[in-house]
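Heads up: the sequence shown runs through residues 1 to 305, numbered per the numbering used here.
Glycine included, each C-beta is placed from N, C-alpha and C at the ideal position.
From a predicted model like this one, the values you see are computed outputs, not experimental measurements.
First comes the structure, then the notes that go with it.
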Amino acid sequence: MIAYSIVIPLKDEAQSLPTLHNELAKALKKLNKPYEIIFIDDGSEDNSSKIIAELQKTNNNIKLITFRANFGKSLALSTGFGEATGEVIIAMDADLQDDPMDIPKLIAKLEEGYDLVNGWRKKRADTLSKKISSILFNKGSAFLSGVELHDFNCGLKILRKEVADELSIYGELHRFIPILAAKKKYKVTEIQVNNRLRKYGKSKFGFGRSWRGILDLLTAIFISDFAAKPAHFFGVIGLSLFSAGFLMDAYVTYVKLTTGTTQGKIPLLIAGVFFMLLGVQLLSTGLIAEMVTYYLAQKKKDRPT
């Protein structure tokens with residue numbers, strides 16, 4: 001039985017691959033347990049796949065999955081997780097910035113009773129602008145999710161197979177794997193890892209891509225927190241808007257009754273009506289979503305096993 005599955009998404013990393021393989025082989029040999037290395041070539045335009053095919057001739061533990069085009073890191077990781085047969089999965093990047101010698105340390109931390117251990121590049125080998133962007137991004141992600149980690153986007157992480165099987169990773173959600181796991185009540189922690197300078201090629205990291213990922217994060221948080229009880233989400237917002245609109249119109253009505261005129265209050269009256277209508281729509285949406293959720297739950301319960 002495979003103990004460890006190392007999942008490595010990559011794009012145009014031909015120059016790094018021989019060194020990465022040698023470092024991995026050295027680190028994994030010390031573990032003295034069965035392992036597999038799964039490379040996912042995400043539409044490389046260089047000869048990355050050819051180099052991996054050559055490495056397979058010297059190492060039977062290597063698997064290669066090739067995408068016909070660049071579909072993104074999330075799909076690459078999701079595919080690798082699905083292909084993995086090991087009890088424990090180790091995800092890392094192929095650019096040599098992650099240090100394979102940190103793998104035993106991650107395993108030791110996982111064995112303390114955690115389900116996912118995320119790397120923390122406390123001393124980052126990056127430019128000042130990238131460091132500042134990373135700090136802001138991680139602070140924002142921690143604030144929105146309530147998960148207190150320092151480096152959500154670290155490519156080096158270790159997780160149990162059962163955790164990986166439950167995660168739905170798409171868009172830019174590969175950056176938030178620790179958050180997705182924590183939202184499913186798995187035990188998540190972090191540990192400091194070594195971060196090295198990129199030797200070959202250019203970084204695929206982009207400031208805009210990270211922040212666009214925040215939209216995916218908000219979607220994931222909504223699904224994890226309210227998928228089973230959508231009326232709670234839509235109901236609170238809808239009721240708040242309806243109440244605000246009702247108070248606005250009640251005030252305009254009071255002014256009309258006491259002064260005999262609504263001069264200057266027409267915009268407030270219209271706003272009140274708008275808020276109440278919007279509140280009713282959201283309340284209705286919540287009830288419909290609740291009915292759909294109940295129907296799907298009953299259908300799943302009645303499904304023959």
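Proximity to residue i [Cα-Cα], best of the options
i    : options                : result
L77  : G171, F234, L247, Y251 : G171
L217 : R160, L24, L173        : L173
L75  : I8, F233, I221         : I8
L116 : L277, Q281, T189, T285 : T189
L55  : S243, A14, M291, T85   : A14
K105 : A27, A125, L278, K265  : A27
S222 : L239, I37, Y295, I179  : Residue identity differs from the one stated: residue 222 is Phe in this sequence, not Ser. The shortest C-alpha separation from F222 is found at I179.
N118 : F137, S240, I177       : I177
N49  : M101, D249, A94, A181  : The residue you asked about is not Asn; residue 49 is Ser in the sequence shown. Comparing Cα positions, the closest option is A94.
G86  : S44, D165, F71, Y4     : Y4
I266 : M101, G245, V252       : V252
D46  : L268, I65, K11         : K11
N59  : A25, R68, G43          : A25
F81  : P100, G43, E162, I107  : E162
P18  : T262, I51, K130        : I51
G140 : L282, L269, L215, T79  : L215
L269 : K57, L241, M248        : M248
K30  : L64, I107, S16, F242   : I107
T285 : G238, R68, V273        : G238
R175 : S168, C154, A181       : C154
A271 : A142, F246, I135       : F246
Residue span of the alpha helix (DSSP H) that contains residue i, given as start and end
i    : result
K371 : Nothing about residue 371 can be reported from this structure: the residues present for the chain run from 1 to 305 only.
Q56  : 48-56
K139 : 128-145
E83  : 73-83
L173 : Counting along the chain, L173 falls outside any alpha helix (DSSP H), and DSSP gives it neither H nor E.
A27  : 17-31
Residues that residue i bridges to, as DSSP identifies them
i    : result
F226 : For F226, which the question treats as bridged, DSSP gives no partner whatsoever.
L10  : D41
I158 : I90, V117
D98  : N195
E190 : N118
S5   : E36, I89
Boundaries (first-last residue) of the beta strand (DSSP E) holding residue i
i    : result
L331 : Outside the modelled stretch of the chain, which goes from 1 to 305, sits residue 331, for which no answer is possible.
A91  : 88-91
Whole-Å CB distance - residue i paired with residue j, under 8 Å assumed
i    : j    : result
Y35  : I2   : 7 Å
Q97  : R196 : 5 Å
R121 : V193 : 6 Å
E166 : P100 : 26 Å between Cβ atoms; not a contact.
A164 : A250 : That pair is no contact at about 54 Å.
V280 : F242 : 6 Å
I191 : K109 : 5 Å
heavy atom of the ligand FMN below 7 Å from residue i C-beta
i   : result
A53 : No copy of the ligand FMN occurs in the structure displayed, which carries no ligand at all.
Given 8 Å, three or more beta-carbon pairs between the region 245-260 and the region 191-204: no
Three or more C-beta pairs below 8 Å linking the region 84-91 and the region 178-187: no
contact_flag[the region 224-235, the region 157-165] where n(CB pairs < 8 Å) is 3 or more: no
Meets three-Cβ-pair contact criterion under 8 Å: the region 119-133 and the region 36-43: no
Meets three-Cβ-pair contact criterion under 8 Å: the region 127-146 and the region 65-72: no
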